[in-house]
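The first sequence begins at 2 in my numbering and counts up one residue at a time.
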Amino acid sequence: MLQSHLFTKTRKETPKDEVSKNALLLIQAGFIHKEMAGVYSYLPLGLRVFNKICNIIREEVEAIGGQEVFLTVFQDKAVWEKTGRWSDELVDNWFKTESKYGGQQYGLGFTHEEPLTALVKDYVQSYRDLPIAIYQIQTKFRDEKRPKSGVMRGREFVMKDLYSFSRTEEEHNIFYEKAKQAYTNIFKRVGLGDKTHLTFSSGGTFSKYSHEFQTESESGEDIIYVDTKSGLAVNKEVLNDEVLKDLGLSRDALIEKKAVEVGNIFSLGTRFSEPFELVYSDEKGEKKPVIMGSYGIGPGRVMGVVVETLSDDKGIIWPASITPFHVHLLRLGDKKEVVEASEKTITLLEQAGIEVLYDDRDVSAGEKFADSDLLGIPARFVISDRMVAEGKIEVKMRKDGVVTTIDNSSLSLEYLNQLKDL
RNA sequence: CGGGGCAUGGUGUAACGGCUAACAUAUUCGCUUUGGGAGCGAACGAUUCUGGGUUCGAAUCCCAGUGCCCCGACCA
């Protein structure tokens with residue numbers, strides 16, 4: 002990709018109407034664009050990161066049997082009245098709208114338990130139809146009283162929401178554990194593994210606990226207590242002696258941390274299957290309620306947390322798994338030999354399946370370096386007069402700043418492949 | 001939703017109630033330059049958030065609205 006053609010631009014100054022690190026950097030580097038408070042558009046760079054996060058989620062969710070669907074944003078009032086959740090008293094963050102012709106009311110989905118349960122009822126009647134796990138990656142709308150922290154808490158945001166439908170408690174628990182593992186894998190793969198803790202939180206009506214995935218961050222709104230030994234954590238909301246005893250944790254070993262909730266898994270029991278009469282016939286022809294669970298991750302929030310957690314004072318630092326490009330190749334000067342060497346290297350890289358952002362712009366070296374640091378692509382290649390004369394390429398790693406020079410002719414496939422997996 | 005703050009070219013800022021609203025950056029053109037946001041010259045770019053009011057005169061003072069940020073409350 003030619004940087005001169007890339008639809009976006011870095012800014013020298015940070016926007017004045019943002020304070021949070023994630024929004025400051027993502028806007029300054031040209032990944033996102035602010036539309037309104039709590040509402041952000043994705044530009045090409047941001048979308049590439051976003052899509053990579055979504056694809057990692059897809060891989061892990063499908064590995065445990067999830068099947069992707071795409072439900073509607075518009076919500077049917079009648080469906081939500083079945084659980085009572087159409088009510089503005091019960092749900093305070095609905096956005097609702099109506100047709101200016103018939104006056105028909107629509108809700109803009111803030112979650113999708115109701116419509117999906119209603120939908121599944123049309124397709125599940127027998128024990129043979131179960132278990133199933135259905136997920137989507139979909140825009141949600143929540144009328145937050147106060148959007149804040151950049152992309153971390155918006156009025157419009159995308160969420161991966163997965164719902165499981167099981168025949169029995171035991172079957173549900175098996176899936177629940179798989180989901181827990183899948184989530185652990187996801188956060189590890191996007192580069193948040195070290196700082197993300199499986200956290201016990203309140204469970205609601207149908208189970209004692211739910212589990213949150215909380216990433217340590219000063220920008221977080223939650224307080225968690227991390228057990229230094231196991232890495233498990235307890236949300237402050239549920240921390241008491243009984244809980245500690247339950248979990249076999251000692252108060253002395255806990256460390257208080259601020260954290261961001263990046264994922265959450267929840268046993269729903271029959272909370273939704275009952276009002277919708279979602280039942281199946283078992284082997285004996287007896288009707289039984291379906292046991293449900295729900296599992297959410299916000300890919301945009303994940304992107305924000307990665308920026309919060311991994312950036313430095315020069316800019317963003319992307320993990321290779323979700324970087325918009327694997328390599329940022331800076332061409333210094335426009336001498337014929339330099340251009341040729343650059344293009345040759347790009348061909349080689351792209352043949353190895355490496356995504357390259359090629360800074361072909363006619364701007365000063367300093368500006369290219371500064372932009373490169375800001376954008377945060379993990380490996381920076383520099384091809385200049387000096388390098389070409391020596392038959393070399395300079396490689397600098399964004400993460401630790403380590404600079405090496407490699408022989409132009411020795412770009413082995415092995416070497417290149419590791420750039421995709423740093 | 002309660003409290004506080006802010007609103008000026010695309011972006012970031014300046015301007016005692018008083019000249020043609022200034023500077024930087026970005027953008028465009030020319031020349032020079034190419035290893036850490038380069039230099040010189042020129043050009044483009046604003047209904048000072050909106051609506052009222054005070055005043056001979058308002059970016060500036062007052063009122064209302066809107067938007068944005070922060071603190072708090074809230075957060076399946």
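Heads up, the beta-carbon is just placed ideally off N, CA and C, and yes, glycines get one too.
Over the uninterrupted beta strand (DSSP E) stretch that includes residue i, give me the two end residues.
| i | result |
| --- | --- |
| leucine 163 | 157-167 |
| aspartate 372 | Looking at the DSSP string, aspartate 372 is not in any beta strand (DSSP E); the run it does join, the alpha helix (DSSP H), is 366-376. |
| threonine 84 | No beta strand (DSSP E) holds threonine 84; DSSP gives it neither H nor E. |
| valine 121 | Unbroken run through valine 121 is the alpha helix (DSSP H), 114-122; no beta strand (DSSP E). |
| valine 288 | Checking the sequence, you will find lysine at residue 288 rather than valine. Start and end: 288-290. |
| glutamine 76 | 75-77 |
| serine 282 | 280-282 |
Using 10 angstroms around the beta-carbon of residue i, count the other beta-carbons present and answer buried if the total reaches 16, otherwise exposed.
| i | result |
| --- | --- |
| tyrosine 124 | exposed |
| asparagine 241 | exposed |
| threonine 112 | buried |
| glutamine 76 | buried |
| histidine 6 | exposed |
| glutamate 102 | For clarity, residue 102 is tyrosine in the given sequence; the question names glutamate instead. Exposed: under 16 other Cβ atoms inside 10 Å. |
| aspartate 18 | exposed |
| aspartate 374 | buried |
| methionine 160 | buried |
| isoleucine 135 | buried |
| glycine 286 | exposed |
| proline 16 | exposed |
| isoleucine 298 | buried |
| alanine 64 | exposed |
| arginine 12 | exposed |
| aspartate 162 | buried |
| valine 62 | buried |
| phenylalanine 51 | buried |
| glycine 249 | exposed |
| isoleucine 33 | buried |
| phenylalanine 176 | buried |
| isoleucine 256 | exposed |
| glycine 104 | exposed |
Can the beta-carbon of residue i be found closer than 7 Å to that of residue j?
| i | j | result |
| --- | --- | --- |
| isoleucine 28 | isoleucine 187 | no |
| histidine 198 | alanine 254 | no |
| threonine 324 | valine 261 | no |
| serine 208 | serine 295 | no |
| alanine 380 | leucine 420 | yes |
| leucine 417 | alanine 371 | no |
| isoleucine 266 | histidine 212 | yes |
| lysine 258 | isoleucine 225 | yes |
| isoleucine 378 | isoleucine 394 | no |
| lysine 122 | phenylalanine 277 | yes |
| proline 290 | serine 274 | yes |
| glycine 509 | glycine 402 | Residue numbering for the chain in the displayed model covers 2 to 423; residue 509 lies beyond these limits and cannot be assessed. |
| tyrosine 184 | glycine 264 | yes |
| tryptophan 95 | glycine 108 | yes |
| leucine 44 | valine 308 | no |
| aspartate 360 | glutamine 4 | yes |
| threonine 9 | leucine 48 | no |
| leucine 376 | alanine 30 | yes |
| aspartate 386 | glycine 334 | yes |
| isoleucine 54 | valine 191 | yes |
| valine 80 | glutamate 114 | no |
Can you pull the DSSP bridge partners for residue i?
| i | result |
| --- | --- |
| isoleucine 187 | The partner list for isoleucine 187 (beta bridge, DSSP) is empty, contrary to what the question assumes. |
| arginine 154 | Lys149 |
| threonine 405 | Val396 |
| proline 132 | According to DSSP, which records beta bridges pairwise, proline 132 is partnered with nothing at all. |
| glutamate 99 | Gln106 |
| glutamate 297 | Residue identity check: residue 297 is glycine in the sequence provided, not glutamate. The partner list for glycine 297 (beta bridge, DSSP) reads Asp162, Asn265. |
| valine 383 | Leu331, Glu395 |
| leucine 420 | Looking at the DSSP assignment, leucine 420 forms no beta bridge with any residue, so it has no partner. |
| glutamine 441 | Because the chain spans 2 through 423 in this model, residue 441 falls outside it and cannot be assessed. |
| valine 357 | Val328 |
| glutamate 127 | Position check: residue 127 holds serine in this sequence, whereas glutamate was assumed. DSSP output for serine 127 lists Ser282 as bridge partner(s). |
| leucine 3 | Tyr359 |
| aspartate 314 | Paired residue(s): none; aspartate 314 is not in a bridge. |
| phenylalanine 142 | Glu157 |
Start and end of the alpha helix (DSSP H) containing residue i?
| i | result |
| --- | --- |
| alanine 390 | 386-391 |
| leucine 27 | 22-29 |
Exercise for review: Only counting runs of 3 or more residues, tell me where the beta strand (DSSP E) segments fall wholly within the stretch 193-269, in order along the chain.
Suggested key: 197-203, 210-217, 223-228, 234-236
Review point. Taking only runs of the alpha helix (DSSP H) that begin and end inside the stretch 32-72, which ones reach a length of at least 4 residues, in chain order?
Key: 45-64
Exercise for review: With a floor of 3 residues, list each beta strand (DSSP E) that falls wholly inside the stretch 317-355, ordered by position along the chain.
Suggested key: 328-332
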